[in-house]
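S.K.: Our numbering numbers the first residue of the sequence shown as 4 and each following residue consecutively. The beta carbon of each residue, even a glycine, is placed where N, CA and C say it ideally should be. Structure provided below as structure tokens; questions to follow.
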Amino acid sequence: MAYLKTVYRSTEKADFQGWSARPGAADACGLSAASDPAVCVAYRCQNDAQRSLLAIDDDVVRLSGYRADELLAGPIGWTSLIHADDRAQVRRTLQDAAAAERAFAVTYRLVRRDGGTQPVREQGQGVRDAAGRLLGYSGFIAGADAAAPEYRRVAQQGSRALPDTLPSAKATEESGDQSTDAAEPRRGEPTPHAHRQRLQRLADAMPQLVWTARPDGTVYYYNDRVTEYAGIHQTADGSWRWQPVLHEDDRERTVEAYRQALASGDTYECEHRVRMADGQLRWHLTRAVPMRDAAGNIVEWFGTATDIHDIKLAQQALESADRRKNRFVATMAHELRNPLAPIRHAIDLLMQPDELPPTAATARDIIDRQSRHLARLVDDLLDMSRITSDRLRLQCEPVLLSTLVDQAQEALAEQIAGREQSITVELPAQPVRLNADTARLVQVFVNLLDNASKFSPEGAHISLEAERVGDEVVVRVSDSGIGIDAADLPRLFEMFAQVGEDAGADSGGLGIGLALTRRLVELHGGTIAATSDGAGEGSTLTVRLPALAEEKTSAEPAAAAPWAQGSGAAVGTAADADGKRRILIADDNDDVVQSLAMLLELRGYDVDIAHDGLQALAAVERERPDTVILDIGMPGLDGHAACRRIRQLPGGERLRIIALTGWGEARDRRNSAEAGFDAHLVKPIESAVLLGLLADTGN
């Protein structure tokens, strides 16, 4: 947008020169050459339309097409550039304004050097001395691309089709035009130019790079921050080239995002690296919003580029720390699961029919309970890590609510019986089906029942009641335990929240069970809430889940979750399946292979052992087992490589190969499947699950 600042004399030249020489006079009428040297001055005489230019800038040269020296010192007068059909109206407008000592506005066509015409609008405000005497006029000449819509018809219809006075204040406000009203500003009010200077100084004071662009996206203004960047330069036509400042890898997507915003008229936003004057590359967030007129047409774009480099580095550091944390948690879980595996195997061995002395049986049961508890803590910790990093994915299918509740009850039956507690379950008479991840919702109900059991005294009663309400099923788990103080209710489902300390309760957990439960419920599209009448009054946890439409036929029960398959599940043996079968176990932890080998031998299997992948490969060739159980993290040749090598042996494609490992992330399971494993089991595995898998010859 080209602006040409003008001053028109209404009295004698000497008087105006005397006024303009006073301190602050230039700023009073907006003639600061430092901020905008595009100034022209005219003197009142017999021919009011004759004016001479005193100073110009590049915008004036671009607007007219003439060189600066031709306009300043040459024979070219500004009046001669006014279209012949418009000169009389321009002269009359100026004369009338001077006679009435009022502001004016006039539109006309400017004849460029190349013969083309440029619609412009010219407007002026009176400049007065301390006594209120009119000394002259201060104003602007602006290209019509900056004008309100009613001025844009000038190129087709000529200046007579347009108003000769400035738009009213209301019209100006509605059109988005920021020009001055026809009335002169009251004394003490800033002139339009002074207001524009303030905005420019404000932009220069901002820490961001501020810019404006035409509707086609051409940038024509930058604030003073532009000097801090390397590569932004102004072209001969006054526009700015900003693309060279971008990092090469960010340039294409940035330009494309800008093009899309220009085409759609939506807010432009993009993050990219830009090169600073010192050669440093820094991340910036660039945003631009369109300014529209009353008709909805974009007349200008206003944008900023904000340095977000330090924020970006901090964000990347946080993401890196989060990845390291997740990896640490997974590694810790792996390292904890490895010693848990032989402990669980040893407990299963001690569960054999042979009678143990009462003291030994008690010790075995203690180890059994505590090892299960430790395994659940490890699983909860991993699940919470998956949820917070948005890595938990549900595998939903239709399932009966009764199936989920039965599995949760079975998982905690031994714990509840051990505390001499009782539990009642009331479900709707009509079966309720959910679209759910069976394992995860069983985990929800296990957590709720376990919570009720832990925080209730021995001999307490626990109830689980469910009812269908419209399209939802509402499940309430109530207990008569320590209750929840009103101050603790709001934070009950927060991560690491521990409530009940004042009541002397020790949850024995990490404070993530209910936080995990809430997230799992939310992933299923449900909600969870807690109520309690206070300390010692028990509590009720209420879960609401979307239910599937009722059907006359019930869904098939879903398979039991791994932790719900206890020693009471039906388990096949080697003899039941196919006589005596041979199994190879490979693990670098000797306690794991020895304890698992003893357990399988008691069930009638022939077992061979190996302690690394190479030994396993040799044993497969030598012993020809029916099933191979491989750890993943073995020395020499890891489990994945060993599995691939075994599959390449003659008959290797027919072998059943099972991964038994402490690594249980989704990517670990994918890696096992890609390596050729038939199943991926995570330590410590319940013997019932493993034996059931081994007995299933059809799998």
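Do you know offhand how far residue 311's Cα is from residue 324's?
M.R.: Taking the straight line joining both Cα atoms gives about 20 Å.
S.K.: Residue 337 to residue 381, Cα distance in whole Å?
M.R.: For residue 337 and residue 381, the distance between alpha carbons rounds to 9 Å.
S.K.: Whole angstroms are fine: how far does the CA of residue 272 sit from the CA of residue 687?
M.R.: Cα to Cα, the separation comes out at about 50 Å.
S.K.: Quick one: what's residue 258 bridged to in DSSP?
M.R.: DSSP, once it has assigned bridges, lists no residue as partnering residue 258.
S.K.: What is the DSSP secondary structure of residue 399, counted as helix, strand or coil?
M.R.: If DSSP states are grouped into helix, strand and coil, residue 399 belongs with coil.
S.K.: Does the beta-carbon of residue 236 have 16 or more other beta-carbons within 10 angstroms, so that it is buried, or is it exposed?
M.R.: That one is exposed.
S.K.: Got a sec? Which residues, its chain only, sit under 7 Å from residue 529 by beta carbon, not counting five neighbours each side?
M.R.: Taken in chain order, the residues that qualify are 546, 547, 548, 549.
S.K.: Please name the residue in 497, 484, 518 whose C-alpha comes closest to that of residue 536.
M.R.: Checked all of 497, 484, 518; the closest Cα to residue 536 is 484.
S.K.: Report the option in 335, 294, 287 whose CA atom is closest to the CA atom of residue 1.
M.R.: Nothing about residue 1 can be reported from this structure: the residues present for the chain run from 4 to 702 only.
S.K.: Does residue 331 pass the burial test, meaning 16 or more other C-beta atoms within 10 Å, or should it be called exposed?
M.R.: Label assigned to residue 331: exposed.
S.K.: For residue 107, which beta-bridge partners are listed by DSSP?
M.R.: According to DSSP, residue 107 bridges with 127.
S.K.: Please specify which runs of the beta strand (DSSP E), each continuous and at least 3 residues long, are wholly inside the segment 381 to 456, giving them in chain order.
M.R.: The segment 381 to 456 contains these whole beta strand (DSSP E) runs: 400 to 403, 425 to 429, 436 to 439.
S.K.: Tell me residue 482's beta-bridge partners as DSSP assigns them.
M.R.: Answer by DSSP bridge pairing, in chain order: 465, 542.
S.K.: Hey, residue 121 and residue 109 are a contact pair by Cβ (cut 8 Å); roughly how many whole angstroms apart?
M.R.: At roughly 15 Å, the Cβ-Cβ gap does not stay under 8 Å, so residue 121 and residue 109 are not in contact.
S.K.: Leaving out the 5 sequence neighbours to the left and right, which residues in its chain are closer than 6 Å to residue 598 when beta-carbon positions are compared?
M.R.: So the qualifying residues of the chain are 345, 348, 349.
S.K.: For residue 489 and residue 387, what's the separation of their Cα atoms in angstroms?
M.R.: C-alpha separation (whole angstroms): 26 Å.
S.K.: Relative to the C-alpha of residue 658, which candidate in 438, 664, 648, 667 has its C-alpha closest?
M.R.: Of the candidates 438, 664, 648, 667, the one whose C-alpha sits nearest the C-alpha of residue 658 is 648.
S.K.: Counting pairs of beta carbons, one from the segment 407 to 418 and one from the segment 436 to 455, are three or more of them closer than 8 Å?
M.R.: With a cut-off of 8 Å, the segment 436 to 455 and the segment 407 to 418 count as touching, because enough Cβ pairs lie within range.
S.K.: For residue 777, tell me which candidate among 431, 445, 265, 296 has the shortest Cα-Cα distance.
M.R.: A query on residue 777 cannot be resolved here, the shown segment of the chain reaching from 4 to 702 and no further.
S.K.: Under a three-way DSSP split, which group does residue 335 fall into?
M.R.: Helix, per DSSP.
S.K.: Could you tell me the boundaries of the alpha helix (DSSP H) in which residue 617 lies?
M.R.: Residue 617 -> alpha helix (DSSP H) spans 616 to 626.
S.K.: Going by DSSP in three states, residue 527 sits in which element: helix, strand or coil?
M.R.: Residue 527: coil per DSSP, three-state reduction.
S.K.: Please classify residue 253: does DSSP put it in a helix, a strand, or coil?
M.R.: Residue 253 falls in the helix class under three-state DSSP.
S.K.: Would the segment 621 to 634 and the segment 660 to 671 be scored as touching if the rule is three or more Cβ pairs under 8 Å?
M.R.: Yes, the segment 621 to 634 is in contact with the segment 660 to 671.
S.K.: Within 10 angstroms of the Cβ of residue 637, are there 16 or more other Cβ atoms? Answer buried if so, exposed if not.
M.R.: So residue 637 counts as buried.
S.K.: Quick one: give me the first and last residue of the beta strand (DSSP E) that residue 275 is part of.
M.R.: 271 to 278 is the extent of the beta strand (DSSP E) around residue 275.
S.K.: Judging by CA-CA distance, which residue of 418, 329, 351, 82 is the nearest neighbour of residue 600?
M.R.: The shortest Cα separation from residue 600 among 418, 329, 351, 82 belongs to 351.
S.K.: For residue 431 and residue 401, what's the separation of their Cα atoms in angstroms?
M.R.: About 17 Å.
S.K.: Compute the Euclidean distance between the alpha carbons of residue 694 and residue 353, then round it to the nearest angstrom.
M.R.: Taking the straight line from one Cα to the other gives about 16 Å.
S.K.: Determine the burial state of residue 316: buried for a count of at least 16 other Cβ atoms within 10 Å of its Cβ, exposed for fewer.
M.R.: Classification of residue 316: exposed, given that the 10 Å Cβ count is below 16.
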